[in-house]
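Below you'll find the structure, written out as structure tokens, and then a few comments.
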Amino acid sequence: MEIQSKGMAPDKSKIKKKIKKKTITEQVNEVLEKISHTELKQFIREKTVHDPLFRNIFYLHFHTKNIYESPDQYVNQVKAILRTASGRDGFLS
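The numbering used here applies: residue 168 is where the sequence shown begins, and numbers increase by one.
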């Protein structure tokens, strides 16, 4: 302890700092607070073009039922989701 009494700092490698790691939810919320509404919309547009599963989830989640839509349109949407989720052999795993 003679080193510390001479005004020198203790070895930093021996000091353990307790850093609270943020949860993924906290990290996502932090990012959402930082980005603009326009950036978020652009990201969603790009993601829906390249990711059919995301596109279907997004569409079904935010799409409000229009009274003029036929049940066939919903059947087609479900079929599209199932095709996306099925493997090469056509079966869900």
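Each residue gets a CB set at the ideal place from its N, CA and C atoms; glycine is no exception.
In this structure, Leu-227 and Gln-240 do not form a Cβ contact; the two beta carbons are roughly 12 Å apart against a cut-off of 8 Å. For Lys-208, the enclosing alpha helix (DSSP H) has its first and last residue at 204 to 217.
Assigned with DSSP and collapsed to three states, Ile-186 falls in coil, not helix or strand. By the neighbour-count definition (other C-beta atoms within 10 Å, threshold 16), Asn-223 is a buried residue.
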